[in-house]
Amino acid sequence: MNLPGPPRRPGDTGSAADQEALRSAKEMLRGAIRTRRRARPEAARLADDHARFLLLQDFWGTPQPDSVVASYLSHADEPGTLETVGWLTAHGVRVLLPVLDRRADGTVRREPDWAPYAGPDRLRAGLWGIPEPTTDPVGAEGLAEAGVIVCSGLAGTTAGERLGMGGGWFDRALEYAAADAVTVMPLNDDEVLPSLPVQPWDRRVDVLITPTRLLTPPD
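For the sequence shown, the positions run 1131 to 1349 when my numbering is used.
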């Protein structure tokens, strides 16, 4: 599904050629990272997922029951979130997962909806085969309830810049986030880069977590 690109924003003075060059650079980088992810052995991916989970546990401390966390549900070779989602749910945390597929009336979503996780038996294959909950959605604005938001991404920098998947879903979703929500992006170690091609609408994240380190970019 092709979605329109993000609108130009005040202060975005780059020429059309500049913006096209940035888009092209992003797509080349996305392709290279996806190729590298696909080539990673499954055993290495699983070990890295568990290492990230242990670091995230240390960062989080004891989850507070009845708190709310939003997270992507990992699919294929993405940095895994399944262990984290299960751990949070076991501690009474309400975990919201994105719903990207068409609405029941057939209309296309322009931004993620959110629905509570209720276990693996309440999931279905959604857009692009991504698992999503079958529980009742709470709307795009439901993200405002989340104190922590675990974002998907392909690369980041120590300044908190994020290279997303290319659909703009999380950039649009984060428009609804609470001002004090903490955004976390799991990555592989080789996906923390010195710099990234960024555009004015690209949202930064507060925490990067890899299998070996947890980075908190400066404000």
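Think of the CB as a built atom: it goes at the ideal place given N, C-alpha and C, for glycine as much as any other residue.
Is DSSP giving L1176 helix, strand or coil here?
helix
Return the first residue and the last residue of the beta strand (DSSP E) that W1244 is part of.
1243-1246
Pull up the distance between the alpha-carbon of R1167 and that of G1298, whole angstroms please.
20 angstroms
Simplified DSSP state of P1134, which is helix, strand or coil
In this prediction, P1134 has a pLDDT of 33, which is less than 50 and means its spatial position is unreliable; what the coordinates show is noted afterwards. In this structure, P1134 counts as coil in the three-state DSSP scheme.
In terms of alpha-carbon separation, which member of G1256, D1231, P1246 lies closest to R1240?
D1231
For T1126, does the count of other Cβ atoms within 10 angstroms reach 16, so buried, or fall short, so exposed?
Outside the displayed range of the chain (1131 to 1349) lies residue 1126, so it cannot be described from this structure.
Quick check: what's the CA-CA separation for E1213 versus T1340?
15 angstroms
If we call anything under 8 angstroms between Cβ atoms a contact, is I1279 one with H1205?
no
Going by other Cβ atoms of all chains shown within 10 Å of its Cβ, with 16 needed for buried, is W1244 buried or exposed?
buried
How many angstroms separate the CA atom of R1302 from the CA atom of G1296?
12 angstroms
Beta-carbon spacing of V1229, P1242 below 8 angstroms:
yes
Reduced DSSP category for S1201 - H, G, I as helix; E, B as strand; rest coil:
strand
Can you give the beta carbon distance from E1208 to S1282, rounded, assuming they're within the 8 angstroms contact cut?
Rounded to whole angstroms, the Cβ separation of E1208 and S1282 is 6 angstroms, and the two are in contact under 8 angstroms.
Assigned secondary structure, T1143 (DSSP; H/G/I helix, E/B strand, else coil)
For T1143, the predicted structure reports a pLDDT of 47, less than 50, and the residue's modelled location is therefore unreliable. A value from the coordinates is still provided. Here T1143 sits in coil by DSSP.
Compare the beta carbon distance of D1336 and G1290 with 8 angstroms and say whether it is the shorter of the two.
yes
How far does the alpha helix (DSSP H) with L1212 in it reach, from first residue to last?
1212-1220
Under 8 angstroms between C-beta atoms of L1344 and L1152:
no
Which same chain residues, not among the five before or five after T1265, have their C-beta less than 8 angstroms away from its C-beta?
A1245, P1246, Y1247, A1248, R1252
N-terminal and C-terminal residue of the alpha helix (DSSP H) that A1303 is part of
Element bounds for A1303: 1299-1303.
My assumption, with CB atoms under 8 angstroms, is that S1201 sits in contact with L1227. Please give the rounded CB distance.
7 angstroms
Output needed for H1221: all residues of its chain with C-beta closer than 7 angstroms, excluding positions within five of it in sequence on either side, in chain order.
P1193, P1195, listed in sequence order.
State the Cα-Cα distance for the pair D1142 and V1328, rounded to the nearest angstrom.
Residue placement at D1142 cannot be trusted, given a pLDDT of 46 that sits under 50; what the coordinates show is reported in the next sentence. Near 12 angstroms, if we compare the C-alpha coordinates of V1328 and D1142.
Could you please give the first and the last residue of the uninterrupted beta strand (DSSP E) stretch that includes V1229?
1224-1229
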